[in-house]
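Residue numbers (this note's numbering), protein chains in the order written: chain A, 4 to 81; chain B, 16 to 356.
In structure tokens:
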């Protein structure tokens with residue numbers, strides 16, 4: 004099981020972001036390094052990549068305000 | 016034994032799907048390059064591409080639309096395929112001469128000696144309080160002009176497949192996406208029906224082939240871009256009242272799939288056309304003409320148009336909502352043509 008964490012270096016400021024969309028639905032099998040979600044911070048759109056391969060378990064839904072370091076999902080070993 | 020790890024069900028925004036088609040075509044064809052002002056800044060379609068393709072192929076220019084469209088037209092005549100990003104169709108007027116008199120006409124006026132393969136990516140549409148100079152559609156303005164193909168995807172699958180077709184075409188194609196369905200974070204959450212499962216591999220969606228999003232028997236709702244999504248919402252509401260609506264997406268305005276419109280209206284006998292552009296001399300009228308010129312007897316009642324009522328798009332939220340098409344206006348139009356208003 005691997006946490007999908009908002010990386011500390013995804014953006015430069017301490018601003019909050021918003022989760023825009025999951026590329027995969029809950030339970031889908033994802034591959035490490037592939038785009039899995041889009042995040043917006045201050046009108047800039049940022050990419051979140053899968054930290055591991057496995058089955059995506061979504062914990063946070065689109066439109067949620069998110070912070071760096073927050074766990075957005077988990078990836079179970081497939 | 017562990018199940019094989021596979022990608023499944025990628026749901027992309029239109030912005031990302033269109034970008035995938037551009038990247039794939041640029042990798043395959045060194046003659047394709049991007050030119051424009053503030054590239055990637057507004058809609059992010061080309062953001063980061065300079066890292067892969069370099070500044071010779073991702074050409075960021077000053078604010079000089081006439082200049083860079085002229086450059087692009089010349090490059091296209093010389094065998095390249097430029098992609099031009101114009102963030103807001105509202106400003107097409109500043110470079111209209113280059114588009115309509117050079118890019119669109121040179122292929123014809125040179126007797127076919129000079130092809131002008133170029134693709135413009137343009138954002139249009141309102142609904143987010145950006146006032147009269149940043150909210151227009153102006154698709155009829157381009158569709159009116161011979162020599163321009165007008166491509167209007169409504170979801171991510173078509174965004175990628177139609178962009179791939181633009182990049183393989185020998186003529187000027189304008190690939191136009193309504194800002195509210197593009198999947199831009201700063202305009203709010205993506206509209207769910209505009210997200211779509213998008214294959215990783217390359218594919219093309221042909222021009223001039225309409226798509227039936229939802230079959231119905233009582234009334235045909237014709238739209239493109241955002242009005243497809245308004246029509247889908249309207250069809251849900253109509254279904255709750257026992258009215259079966261068919262939703263037809265034109266997909267491309269030029270060429271227009273008049274056969275598909277005629278076929279659907281022949282089945283339902285009733286027609287509503289929705290368009291966020293100005294009504295006068297617009298796409299809605301052209302769709303109606305497709306029926307009137309072929310056989311108006313397929314209509315069991317007068318058709319109804321839902322479009323901007325020929326006023327500048329208001330800044331104020333309630334006034335803008337009053338002017339622009341939405342699901343409720345399409346529902347009312349459907350009931351009107353069905354005599355149930």
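Note that the Cβ used here is the ideal one computed from N, Cα and C, for glycine as well.
What does the alpha-carbon distance come out to for the pair residue 188/B and residue 160/B? 12 Å
Does any C-beta atom of chain B lie closer than 9 Å to the C-beta of residue 42/A? Closer than 9 Å: yes.
For residue 345/B, which residues in the same chain have their Cβ closer than 7 Å to its Cβ, ignoring the five residues on either side in sequence? Correct list, in chain order: 236, 245, 246, 249, 287, 289, 321.
Partners in chain A for residue 204/B, counting only beta-carbon separations shorter than 8 Å: 23, 24, 65, 66
Identify which residue in 225/B, 68/B, 39/B has its Cα closest to the Cα of residue 216/B. Comparing Cα-Cα distances from residue 216/B to each of 225/B, 68/B, 39/B, the minimum goes to 39/B.
Look at the alpha carbon of residue 46/A and the alpha carbon of residue 53/B, and state the distance between them as a whole number of angstroms. 15 Å
State yes or no: is the C-beta of residue 268/B within less than 9 Å of the C-beta of residue 165/B? yes
Nonlocal neighbours in the same chain, by C-beta distance under 6 Å from residue 149/B, ignoring five residues either side: 103, 105
Closest Cβ-Cβ distance between residue 48/A and chain B: below 9 Å? yes
Please confirm if the region 253-265 of chain B is in contact with the region 219-237 of chain B, defined as three or more CB-CB distances below 8 Å between the two stretches. yes
Report yes if the CB atom of residue 222/B is closer than 9 Å to the CB atom of residue 184/B, and no otherwise. yes
Whole beta strand (DSSP E) elements within the region 124-192 of chain B, 3-residue minimum: 133-139, 163-166
Residue 328/B beta carbon less than 9 Å from that of residue 147/B: yes
Below 7 Å on C-beta distance, what does residue 55/A contact in chain B? Ordered by position in chain B, no residue passes the 7 Å Cβ test against residue 55/A, which lies about 10 Å from the chain.
Taking 8 Å as the cut-off, does the region 190-198 of chain B touch the region 29-43 of chain B (at least 3 CB pairs, one atom from each stretch)? yes
When you compare the CB of residue 138/B with every CB in chain A, is at least one pair closer than 9 Å? no
Between residue 31/A and chain B, is any beta-carbon pair separated by less than 9 Å? yes
Per-residue burial, residue 207/B [other beta carbons within 10 Å of its own, 16 or more giving buried]: exposed
Pick out the complete alpha helix (DSSP H) segments inside the region 14-44 of chain A, 4 residues or longer, and give them in chain order. none
Helix, strand or coil for residue 71/A? Go by DSSP, reduced to three states. coil
Neighbouring residues, chain A, relative to residue 25/B (Cβ below 9 Å): 26, 27, 31, 37, 38
Nearest neighbour of residue 203/B, chosen from 59/A, 76/A, 72/A, 65/A [CA to CA]: Ranking 59/A, 76/A, 72/A, 65/A by Cα distance to residue 203/B puts 65/A first.
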